[in-house]
Amino acid sequence: MLKNYQIYSRKYEYAVFNNFFKKLETKDFVASELFESIKLLMGNACANKVKKSGLENLHNFIPCEYLPFLVKILQKRIDKFFLHFSVLFAKKKLGLRKNFFVDQSIIYRIHYPFEIGKKSNLKKANYLKLNLDHYKSAKQQIKNSLKNKNLHQIEKRFKEAIKYQRNLPTAVWCHGPHKDTWFGHSYNGINIWYAVAGVTKKNGVILYPSISAKNLKHLRSPNYIAPGQLLPKPIIPAVNNGSLLIFNSETLHATRINTGNTTRIVITTRINPFKPTFYDGTTEAEYPSWFSAQDIEKNIFESPISFPRKENLKPKKKTKKTPIKSERVFVINKKLPQKEPVYICKSQKIKNNEKILLKFQNRQIILFKSESKFHALSASCPHVGINLIDGFHDKKSIFCPGHGLRFDVKSGFSECKSLRIKIFRIKNISKKLYLIN
Numbered sequence: 350m351l352k353n354y355q356i357y358s359r360k361y362e363y364a365v366f367n368n369f370f371k372k373l374e375t376k377d378f379v380a381s382e383l384f385e386s387i388k389l390l391m392g393n394a395c396a397n398k399v400k401k402s403g404l405e406n407l408h409n410f411i412p413c414e415y416l417p418f419l420v421k422i423l424q425k426r427i428d429k430f431f432l433h434f435s436v437l438f439a440k441k442k443l444g445l446r447k448n449f450f451v452d453q454s455i456i457y458r459i460h461y462p463f464e465i466g467k468k469s470n471l472k473k474a475n476y477l478k479l480n481l482d483h484y485k486s487a488k489q490q491i492k493n494s495l496k497n498k499n500l501h502q503i504e505k506r507f508k509e510a511i512k513y514q515r516n517l518p519t520a521v522w523c524h525g526p527h528k529d530t531w532f533g534h535s536y537n538g539i540n541i542w543y544a545v546a547g548v549t550k551k552n553g554v555i556l557y558p559s560i561s562a563k564n565l566k567h568l569r570s571p572n573y574i575a576p577g578q579l580l581p582k583p584i585i586p587a588v589n590n591g592s593l594l595i596f597n598s599e600t601l602h603a604t605r606i607n608t609g610n611t612t613r614i615v616i617t618t619r620i621n622p623f624k625p626t627f628y629d630g631t632t633e634a635e636y637p638s639w640f641s642a643q644d645i646e647k648n649i650f651e652s653p654i655s656f657p658r659k660e661n662l663k664p665k666k667k668t669k670k671t672p673i674k675s676e677r678v679f680v681i682n683k684k685l686p687q688k689e690p691v692y693i694c695k696s697q698k699i700k701n702n703e704k705i706l707l708k709f710q711n712r713q714i715i716l717f718k719s720e721s722k723f724h725a726l727s728a729s730c731p732h733v734g735i736n737l738i739d740g741f742h743d744k745k746s747i748f749c750p751g752h753g754l755r756f757d758v759k760s761g762f763s764e765c766k767s768l769r770i771k772i773f774r775i776k777n778i779s780k781k782l783y784l785i786n
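Going by my numbering, the first residue of the sequence shown is number 350, and it counts up by one from there.
Take a look at the structure:
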């Protein structure tokens with residue numbers, strides 16, 4: 350029988366912990382440090398307003414451009430506490446007894462509502478020019494960075510990420526579906542996802558545990574899931590403020606675009622019960638630095654243990670993994686719009702609940718049948734252009750396989766006012782399907 354920690358480090362399981370040792374102390378400490386960090390960055394008046402309104406309303410008081418500086422301050426104030434907390438949680442709740450490892454990298458994920466964050470002027474090229482240690486000059490640094498539009502000196506992986514994110518402001522960047530090993534992190538990791546404030550079903554983390562064991566392919570850069578692989582309905586666990594979500598870092602997961610009206614604040618890290626080993630197929634950054642649980646308990650933080658990727662690659666095993674299903678494609682050698690209805694195919698060729706990708710010369714459209722009714726809609730998600738053909742659908746909705754945005758198949762509307770897909774009419778004439786512009 351697997352031990353508690355092995356369930357999450359070796360199986361594609363996840364769990365939400367609402368009760369654990371020192372929960373209230375942890376919640377109070379993190380909130381207090383957040384308010385103190387806001388005070389350092391923005392002043393007493395701003396910190397008091399946030400305290401009165403609630404951290405979930407942070408977007409009403411701090412411009413997006415200042416968030417990178419806030420995160421940097423939080424790292425200096427909370428990192429060591431959270432490392433101690435991670436060790437304590439692993440021992441009390443996951444049953445870890447022997448020495449284990451905690452990733453040095455603590456991530457502070459502050460996500461504003463999309464409709465607010467998209468208005469920010471701070472793009473990735475500007476962000477990379479900021480000196481985040483100098484938060485006292487944040488206003489001037491932001492001003493200077495916005496003058497810089499030069500992409501020539503940016504690393505290739507950042508250029509690819511900018512392209513994937515359609516050069517949206519950094520405040521609204523979302524991770525596409527990925528396994529953490531694809532992004533340079535270790536095998537056998539247990540992700541700790543601590544909800545600080547504002548986490549809802551409209552901005553949480555998306556999990557796909559049911560397909561994580563399949564033979565999934567990823568892009569070369571950024572290392573998100575490659576197109577042509579059909580995803581199930583996204584699972585977004587409900588995690589209350591002060592509660593913890595844990596899951597295997599090999600579980601396919603993504604960031605849900607924030608379509609709510611709250612700022613989502615989350616702290617994440619990783620625990621590894623074993624010596625960290627890595628995937629040799631990634632083009633992403635390296636994360637070699639870890640602390641042992643014993644060193645953390647002794648407050649030894651000066652010399653993290655290094656596990657360089659090249660020296661700690663996981664041996665390749667020949668395994669027969671089930672390939673993931675992809676949808677059918679019909680190529681139609683015409684441009685849209687057309688004056689006359691466009692013949693697609695005989696109606697019996699479309700099975701119930703099956704999606705077909707219609708490839709015209711100038712655009713792509715999804716056709717599917719649900720309860721004897723045919724639907725046709727634009728294939729490109731207006732968020733960052735992910736093809737909807739790989740997303741889950743039912744008779745009412747279709748979900749973007751990139752970041753979980755849900756569209757109504759009748760109206761084309763989503764939960765974001767600015768993000769909508771075009772709906773097309775389908776006519777069934779004598780058991781033949783025609784697209785009407």
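No residue lacks a Cβ here, since even glycine has one placed at the ideal position from N, Cα and C.
Which value, in whole angstroms, describes the spacing of the CA atoms of residue i and residue j?
i: N610; j: N589; result: 16 Å
i: P533; j: N353; result: Note that residue 533 is Gly in the sequence shown here, rather than Pro. The alpha-carbon atoms of G533 and N353 are separated by roughly 25 Å.
i: G751; j: I606; result: 9 Å
i: E405; j: S675; result: 39 Å
i: K425; j: A487; result: 17 Å
i: N786; j: S767; result: 22 Å
i: V436; j: I645; result: 8 Å
i: I427; j: E382; result: 7 Å
i: P308; j: K421; result: Past the edges of the chain, shown from 350 to 786, lies residue 308, and the structure says nothing about it.
i: T789; j: F434; result: Lying outside 350 to 786, the shown extent of the chain, residue 789 is not represented and no answer is given.
i: R755; j: I747; result: 6 Å
i: A364; j: Y543; result: 12 Å
i: P583; j: K442; result: 27 Å
i: D664; j: Y536; result: Note that residue 664 is Pro in the sequence shown here, rather than Asp. Taking the straight line joining both Cα atoms gives about 11 Å.
i: R712; j: N702; result: 22 Å
i: R446; j: F431; result: 19 Å
i: K659; j: Q578; result: 30 Å
i: N368; j: K781; result: 58 Å
i: R613; j: N552; result: 7 Å
i: N777; j: N475; result: 52 Å
i: R359; j: V680; result: 42 Å
Let me make sure I understand the geometry here. Which of the options has the alpha-carbon closest to that of residue i?
i: Q710; options: P686, K700 and S696; result: P686
i: A546; options: D452, I699, A510 and S592; result: S592
i: E362; options: F773, P558, F717 and R774; result: P558
i: R769; options: G761, R446 and I775; result: G761
i: L688; options: P571, L784 and K551; result: A small correction: the amino acid at residue 688 is Lys; Leu does not occupy that position in the sequence shown. Among P571, L784 and K551, the Cα nearest to that of K688 belongs to L784.
i: T600; options: L556, K684, N621 and Q578; result: L556
i: I541; options: T632, I491, R619 and V733; result: R619
i: E720; options: C730, K708, K700 and H732; result: K700
i: I574; options: I465, T530 and Q490; result: T530
i: I616; options: A634, V548 and K683; result: V548
i: K492; options: E414, N552, F418 and F773; result: E414
i: L407; options: S561, Y461 and N393; result: Y461
i: F366; options: L580, I772, I595 and Y484; result: I595
i: T632; options: K684, L580, P581 and N572; result: N572
Using the beta-carbon count (16 or more within 10 Å), is residue i buried or exposed?
i: Y357; result: buried
i: Y692; result: exposed
i: F438; result: buried
i: A603; result: buried
i: Y636; result: buried
i: A587; result: exposed
i: S779; result: exposed
i: K718; result: buried
i: F370; result: exposed
i: H527; result: buried
i: S598; result: buried
i: V678; result: exposed
i: N416; result: A small fix is needed here, since residue 416 is Leu in this sequence, not Asn. Counting Cβ neighbours within 10 Å, L416 comes out buried, since at least 16 surround it.
I'd like the list of long-range same chain contacts for residue i, defined as Cβ closer than 7 Å, with 5 residues on each side in sequence excluded.
i: I738; result: E676, K704, L706, I715 and A728
i: S638; result: Q453, P653 and S655
i: C730; result: L737, C749, G751 and L754
i: I735; result: C749, P750 and G751
For a test of your reading of the model: does the CB of residue i fall under 7 Å from any non-hydrogen atom of the ligand COA? Yes or no.
i: K708; result: No copy of the ligand COA appears in this structure; indeed no ligand is present at all.
Excluding the five sequence neighbours on either side, which residues of its own chain have a C-beta within less than 6 Å of the C-beta of residue i, listed in chain order?
i: F410; result: C395, K398 and V399
i: L423; result: S386 and Y457
i: F449; result: P622 and A642
i: Q490; result: L479
Only counting the same chain, and skipping five residues up and downstream in sequence, which positions put a Cβ closer than 8 Å to that of residue i?
i: L662; result: T626, F627, Y628 and D629
i: I775; result: I693, L716, F723, H724, A725, L782, Y783, L784 and I785
i: D482; result: K421
So is residue i in contact with chain B if we call contact Cβ pairs under 8 Å?
i: L601; result: Among the protein chains of the structure shown there is no chain B, as only one such chain exists.
Under 8 Å: do the region 734-742 and the region 708-724 share three or more Cβ pairs, one atom per stretch? yes
Does the region 638-650 come into contact with the region 562-571, if we say contact requires no fewer than three beta-carbon pairs (one atom in each stretch) closer than 8 Å? With the cut-off at 8 Å, the region 638-650 and the region 562-571 do not touch.
Contact between the region 392-399 and the region 618-636 (3+ Cβ pairs under 8 Å): no
With a cut-off of 8 Å, do at least 3 Cβ pairs link the region 514-525 to the region 468-478? yes
Any contact of the region 449-465 with the region 499-514, i.e. 3+ C-beta pairs under 8 Å? no
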